[in-house]
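> Can you read through this structure? Questions will come right after.
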Amino acid sequence: MSSPGQAFELRTMGIECAPLLAELHEAAFHGGEVWSAASFIDLLSMQRTEVVIALIDNIPAGFILSRTVLDETEILTLAVHPYFRRRCVGRSLVQAILPKGQVFLEVAVCNNPAIALYEACGFVKAGLRRGYYRDGSDAHVLVSNAF
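In the working numbering, the protein residues as written are 633 to 779.
Structure follows, in structure tokens:
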């Protein structure tokens, strides 16, 4: 596979990649709230929803799914395959959508690695959604501070 410092390609994809997204999501969130290919098809069928995939040596390493309405973009999910973590894949995916305007997302309060990633990308806490996830856990609402 690739060395940690190797460059990767970011590619915008469409609905045809839904099975791949489900596979990556399963690997990234194993044991957590995993989305099916049908869920990704439904989301990618919505206007102004897009996915950017990171490829390392043509191997899918991760993706970011977002939806933009006017000048506000919501990160619906970000997933990086465990093998490719700590290689700036997540950071590059987040930075790829920051030019779209103000960006916001929800992240589990216990997901410290994700919170650290978003804070390193300039996000700040803007609120708390109690019982946001199916298991009843809470989520921080984060917003990009570059608006």
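Backbone N, C-alpha and C define an ideal beta-carbon position, used for all residues, glycine too. For clarity, every value in this text was computed on a predicted model and none was experimentally measured.
In chain order, what are the residue ranges of uninterrupted alpha helix (DSSP H) at least 4 long that sit wholly in the segment 653-689?
669-676
> With distance defined between alpha-carbon atoms, name the residue in I673, Q727, F661, L652 nearest to T705.
Distances from the CA of T705 to each of I673, Q727, F661, L652 were compared; the closest alpha carbon is that of Q727.
> Hey, how far is the Cα of S769 from the Cα of N743?
11 Å
> Which value, in whole angstroms, describes the spacing of the CA atoms of P636 and R719?
Because the pLDDT at P636 is just 47, under 50, the model does not fix this residue reliably, and the point stays unresolved.
> Looking at the unbroken beta strand (DSSP E) that takes in P692, where does it start and where does it end?
691-701
> What are the boundary residues of the beta strand (DSSP E) that includes V739?
734-740
> So, helix, strand or coil for R643, using DSSP?
If DSSP states are grouped into helix, strand and coil, R643 belongs with the strands.
> Hey, could you find the ends of the alpha helix (DSSP H) S769 is sitting in?
Neither: S769 is in no alpha helix (DSSP H) and is coded neither H nor E.
> Beta strand (DSSP E) containing G759: first to last residue?
755-761
> Which term fits M633, buried or exposed, when burial requires 16 or more other beta carbons within 10 angstroms of its beta carbon?
Only weak support is given to the placement of M633: the predicted model assigns it a pLDDT of 38, under 50, and the value that follows is read from those uncertain coordinates. Looking at its Cβ environment, which holds fewer than 16 other Cβ atoms inside 10 Å, M633 is exposed.
> Can you round the beta-carbon distance between V647 and I673 to whole angstroms, since I take them to be within the 8 Å contact cut?
For the sequence presented, residue 647 should be read as Ile rather than Val. Yes, they are in contact, since the Cβ atoms of I647 and I673 sit about 6 Å apart, within 8 Å.
> Residue range of the alpha helix (DSSP H) that E751 falls in?
Segment 744-752, the alpha helix (DSSP H) holding E751.
> What residues are listed by DSSP as bridge partners for L774?
L737, K757
> Taking Cβ to Cβ, would you say A669 is nearer than 7 Å to A650?
yes
> Measuring straight from C-alpha to C-alpha, what distance separates L725 and H657?
Near 15 Å, if we compare the C-alpha coordinates of H657 and L725.
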